[in-house]
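Chains as they are written, first to last, in numbering that gives the first Met the number 0: chain A, 0 to 350; chain B, 0 to 511. All C-beta atoms in this analysis are idealised placements derived from N, C-alpha and C, irrespective of residue type, glycine included. Below you'll find the structure, written out as structure tokens, and then a few comments.
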Amino acid sequence: MSNEHTELSTQSFVDVHAIQDELDQVRWGLHADGEGSEAAEHAAAEARASVCNLITVVGNETERGAVTSVLDRLSVTNPSRTLILLAQHTREADKLEAEVSAQERSESGHRVSTERVILHAHGEPARHLASLAAPLLIPDLPVTLWWPGRPQFDNPLFDDLCELADRLVVDTDEGFDDGDLTRLLGVARRPKARASIGDLNWLRLIAWRHVAAQFFDMPGMLERLGHIRGVSILHGSDGSTAQARLLGGWVRSRMATVGIEVPLEFRPDDSLEHGVRQFLIYTGGDEGPARFSMNRHRGGRLSTQIRLGDQDLAERTVRLESRATEELLGIELTLPGNDVLFEKALAAALQ
Amino acid sequence: MAQATTTLTQNVLREGLILPRTPDPAAMVIFGASGDLTARKLMPALYNLALNRYLPSGFSVIGVADTAITEDEFRARVEQAVQKFSRSQPVDRAVWQSLAEGISYVRMPFDDQEGYGRLAAELERLDRERGTAGNRVFYLATAPQFFSVIIDRLGASGIAKGGEGWKRVVIEKPFGNDLKSAQALNQATHTVFTEQQIYRIDHYLGKETVQNVLVFRFANGIFEPIWNRRYVDHVQITVAEDIGIERRGKYYETAGALRDIFQNHLMQLLSIAAMEAPPNFDADSVRDEKVKVLKSIHPIDVANDVVRGQYGPGWVGGQQVPGYRQEMNVSPTSNTETFVAVRLKIDNWRWADTPFYLRTGKRLPSRASEIAIQFKNPPHLPFAKTAVQELTPNVLVMRIQPHEGASLKIAAKIPGPVMRLRTVNMDFFYGSSFMVESPDAYERLVLDCMLGDATLFAREDEVERAWALVDRIEAGWASEPPPAFPNYAAGTWGPPEADALIEHDGRRWRRP
Numbered sequence: 000m001s002n003e004h005t006e007l008s009t010q011s012f013v014d015v016h017a018i019q020d021e022l023d024q025v026r027w028g029l030h031a032d033g034e035g036s037e038a039a040e041h042a043a044a045e046a047r048a049s050v051c052n053l054i055t056v057v058g059n060e061t062e063r064g065a066v067t068s069v070l071d072r073l074s075v076t077n078p079s080r081t082l083i084l085l086a087q088h089t090r091e092a093d094k095l096e097a098e099v100s101a102q103e104r105s106e107s108g109h110r111v112s113t114e115r116v117i118l119h120a121h122g123e124p125a126r127h128l129a130s131l132a133a134p135l136l137i138p139d140l141p142v143t144l145w146w147p148g149r150p151q152f153d154n155p156l157f158d159d160l161c162e163l164a165d166r167l168v169v170d171t172d173e174g175f176d177d178g179d180l181t182r183l184l185g186v187a188r189r190p191k192a193r194a195s196i197g198d199l200n201w202l203r204l205i206a207w208r209h210v211a212a213q214f215f216d217m218p219g220m221l222e223r224l225g226h227i228r229g230v231s232i233l234h235g236s237d238g239s240t241a242q243a244r245l246l247g248g249w250v251r252s253r254m255a256t257v258g259i260e261v262p263l264e265f266r267p268d269d270s271l272e273h274g275v276r277q278f279l280i281y282t283g284g285d286e287g288p289a290r291f292s293m294n295r296h297r298g299g300r301l302s303t304q305i306r307l308g309d310q311d312l313a314e315r316t317v318r319l320e321s322r323a324t325e326e327l328l329g330i331e332l333t334l335p336g337n338d339v340l341f342e343k344a345l346a347a348a349l350q
Numbered sequence: 000m001a002q003a004t005t006t007l008t009q010n011v012l013r014e015g016l017i018l019p020r021t022p023d024p025a026a027m028v029i030f031g032a033s034g035d036l037t038a039r040k041l042m043p044a045l046y047n048l049a050l051n052r053y054l055p056s057g058f059s060v061i062g063v064a065d066t067a068i069t070e071d072e073f074r075a076r077v078e079q080a081v082q083k084f085s086r087s088q089p090v091d092r093a094v095w096q097s098l099a100e101g102i103s104y105v106r107m108p109f110d111d112q113e114g115y116g117r118l119a120a121e122l123e124r125l126d127r128e129r130g131t132a133g134n135r136v137f138y139l140a141t142a143p144q145f146f147s148v149i150i151d152r153l154g155a156s157g158i159a160k161g162g163e164g165w166k167r168v169v170i171e172k173p174f175g176n177d178l179k180s181a182q183a184l185n186q187a188t189h190t191v192f193t194e195q196q197i198y199r200i201d202h203y204l205g206k207e208t209v210q211n212v213l214v215f216r217f218a219n220g221i222f223e224p225i226w227n228r229r230y231v232d233h234v235q236i237t238v239a240e241d242i243g244i245e246r247r248g249k250y251y252e253t254a255g256a257l258r259d260i261f262q263n264h265l266m267q268l269l270s271i272a273a274m275e276a277p278p279n280f281d282a283d284s285v286r287d288e289k290v291k292v293l294k295s296i297h298p299i300d301v302a303n304d305v306v307r308g309q310y311g312p313g314w315v316g317g318q319q320v321p322g323y324r325q326e327m328n329v330s331p332t333s334n335t336e337t338f339v340a341v342r343l344k345i346d347n348w349r350w351a352d353t354p355f356y357l358r359t360g361k362r363l364p365s366r367a368s369e370i371a372i373q374f375k376n377p378p379h380l381p382f383a384k385t386a387v388q389e390l391t392p393n394v395l396v397m398r399i400q401p402h403e404g405a406s407l408k409i410a411a412k413i414p415g416p417v418m419r420l421r422t423v424n425m426d427f428f429y430g431s432s433f434m435v436e437s438p439d440a441y442e443r444l445v446l447d448c449m450l451g452d453a454t455l456f457a458r459e460d461e462v463e464r465a466w467a468l469v470d471r472i473e474a475g476w477a478s479e480p481p482p483a484f485p486n487y488a489a490g491t492w493g494p495p496e497a498d499a500l501i502e503h504d505g506r507r508w509r510r511p
């Protein structure tokens, strides 16, 4: 597979109009061959696919490097305009720097292009970066705010950017404690909330949720779900336990819609690697006891097993994707609006 | 809140999951299990479905063929095939192992009634041991001459009828070779299966790109209002191949371009380009609209509306290639057509008097499948004559392959102090927006069949309407003197008569 990444232009600006002009220039590739050339005319007549605006906030140059590398890979599937905001509330004099660049990436005959603006502010401008970001967005396209790490819920910039964004994307696996989860739920439940919430950790649970739902698609199994007795989740206890909490919260919130309360059992084990290791659903009722189990194995696999009484049914092994951050972000960017299921799972996890 | 005594009517855990419903546990019986299609398409498709969690627990495969191999040898063969042809690499050993546990093999000639008894016993074993609950897919991946006999034996043995669970049959193309044989096959199939149980595959419909044409038309409000005779001058549909017949000479001699591509792929593209919006995406809603298009085709005048051709030696892509008559397993005096161009009219309110030009051919200069909608010129151009002399009409092209996407040809002013216009293309490549791997057409179609969704499969009347058109063209050709083949050089866009067909109407073929 051929893979080519071309940096078309990188220049520094301090004025928003100059940044806008430069964005127009790099968007249509005018720097590549000189304004007015045949190639430039062709570029100007060619439809450019852009699917969204993406804003991300970093705290220092190291984080900026890590985020940039994720965005480079993300651009392959999601051509977008990206704004990277680096706000430094230092005692330095007020200063604002901007870098504008365009990347062109080709892979197996496909070609995608993205534009990127890095805004680096010191002093007072660092508090008002949202006012600079707003005019730099592509009109009519959705705005996603990706906040790596634990969001600074008390930082006014966080509120300003949430106002600007249609979707806030976080990763609750990055050290979120109960306080953070509660604050996140508060953001989702703001009376006039504009931004819906996306969580990369929630996406990591898709395979678990899918396989769990599949158990009860099978003939005769739906009745057993109506007699659910509880769920048990074995998970690594190193770092955030948000993933296990969300999975349990999901079952509890879904069953609550039909008036069933589900007891949750969490079994942390510090000898296990991070994340959910085993997910068990117990049912009872007239059909007799049953256990629906899912186990994560090394190498990105999930095995499933149904035990009815003391009889084991056919076992199955499927893929449990270990997705990189850019893949998860890419999925987030395709999801529509408010994810009520996530919000309810989060609320149930915090009960 | 009560604890766990509610009777559920739906799976509440499924809500919000984008992935489709899981099919019921089932056994898939593949007739022709040692053949090319099973190795290249079916087994890799099943593996990828299993890998991505689409297949239910207990899903099982019974390979049926008359090849003298053991069950272990059969499993080893299909594993090798999956390793070679799967789009996901490397093959995950544990997932494969999990799928392979449900794979078995029954050796028998397709007409051997006793063999069907052994097949029935194997199916019953799977019901007992793997919980397949009487659900069966019979996949006919054999040469067409075996279709009727397999269906007949399935009926006689009782395997396809009665008992618990659903029974479905998948039939590969070609479905017949003319109207009479298609009707006979339909009739034979209906003695055992109802229409709702029959899934006639045209893998073209499983392609993401073809489904995108429907999305493009019916999910964008701006196109439908101008998608009619008032604004459209004509439509060109092209399925061009730069390759020859490869090693398919024996088959191609009996098929030709008319049966190989026109009867199925071109008719499908015509239907989806011309159909009305269905009320929903249900199987019969979509197929009703497609059939209405086929019913509305104006009786064709073969002498004036159809051109056939056969390639001679030439150069394609810098390579010298032989003519059709020099290909392996082809008669040196063959009159089989490798090119067809047809002018059609559709007698309905939307398309009356708007010609559709369809063409397909082998050894053309490039590979391209596309639907091109050419719009009428503006009624009046308020610019000086010199300003617009180079202007060509607006064209909207939906490309199926390669480089799936859409192009809109529009007029733009050439920058400068003088008003001069030029035509420019606005290209949108799906690949540029969504650089992601698409599933193989067979994955989508096999899953749809297991879920009981026949939207992307051809219905009885659809197939027969298409064959009726082919028969009419064949009958017209039979009354003409033998063609002077070869009449186009490999690497050109068909015979001169094809150009004359469209130029007679004051139009020109596009260069895809």
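Please report the distance separating the alpha-carbon of residue i from that of residue j.
i	j	result
A/LEU85	A/GLU162	18 angstroms
A/GLY229	A/PHE214	15 angstroms
A/ASP20	A/LEU135	10 angstroms
B/ARG349	B/ASN227	5 angstroms
A/GLU60	A/VAL69	14 angstroms
B/GLY161	B/GLU463	29 angstroms
B/THR454	B/GLN400	22 angstroms
B/TRP95	A/VAL317	9 angstroms
A/ASP139	A/SER252	35 angstroms
A/LEU202	A/LEU327	7 angstroms
B/PRO354	B/ALA302	16 angstroms
B/HIS264	B/ASP177	16 angstroms
A/ASP176	A/VAL339	21 angstroms
A/GLY122	A/PRO190	32 angstroms
A/GLY178	B/PRO55	40 angstroms
Mind reading off the beta-carbon distance from residue i to residue j? Whole number of angstroms is fine, and I expect it under 8 angstroms.
i	j	result
B/PHE192	B/ALA159	7 angstroms
B/ARG258	B/ARG458	At roughly 19 angstroms, the Cβ-Cβ gap does not stay under 8 angstroms, so B/ARG258 and B/ARG458 are not in contact.
B/GLN196	B/VAL168	6 angstroms
A/LEU245	A/ALA348	5 angstroms
Nearest chain B C-beta to residue i closer than 9 angstroms, yes or no?
i	result
A/ARG315	yes
A/MET217	yes
A/LEU349	no
A/GLU222	yes
A/MET254	yes
A/SER231	no
For residue i, would you say it is in contact with chain A, using Cβ-to-Cβ distances shorter than 9 angstroms as the test?
i	result
B/GLU442	no
B/GLN121	The displayed chain sequence assigns Glu, not Gln, to residue 121 of chain B. It does not: the Cβ of B/GLU121 has no partner Cβ on chain A nearer than 9 angstroms.
B/SER365	no
B/GLY505	no
B/ASN255	First, the amino acid is wrong: residue 255 of chain B is Gly here, not Asn. For B/GLY255, the answer is no, since every Cβ of chain A falls outside 9 angstroms of its Cβ.
B/PRO89	no
B/ARG398	no
B/SER431	Low confidence applies to B/SER431: its pLDDT is 49, below 50, so where it sits in the model is not reliable enough to give any reading.
Are the CB atoms of residue i and residue j nearer to each other than 9 angstroms?
i	j	result
A/ARG223	A/ALA289	yes
A/GLY174	A/GLY235	no
A/GLY248	A/LEU345	yes
B/ASP241	B/GLY313	no
B/LEU395	B/LEU380	no
B/LYS361	B/GLY451	no
B/ALA67	B/ALA38	no
Would the stretch 475-485 of chain B and the stretch 198-210 of chain B be scored as touching if the rule is three or more Cβ pairs under 8 angstroms? Contact between the stretch 475-485 of chain B and the stretch 198-210 of chain B is absent, because fewer than three Cβ pairs lie under 8 angstroms.
When the Cβ atoms of the stretch 190-199 of chain A are set against those of the stretch 259-276 of chain A, are three or more pairs found closer than 8 angstroms? no
Counting Cβ pairs, one atom from each stretch, are 3 or more of them under 8 angstroms apart for the stretch 495-509 of chain B and the stretch 229-239 of chain B? At 8 angstroms Cβ cutoff, the stretches touch.
Using 8 angstroms as the Cβ pair cut-off and three pairs as the minimum, do the stretch 47-66 of chain B and the stretch 121-133 of chain B touch? Verdict: yes, contact present.
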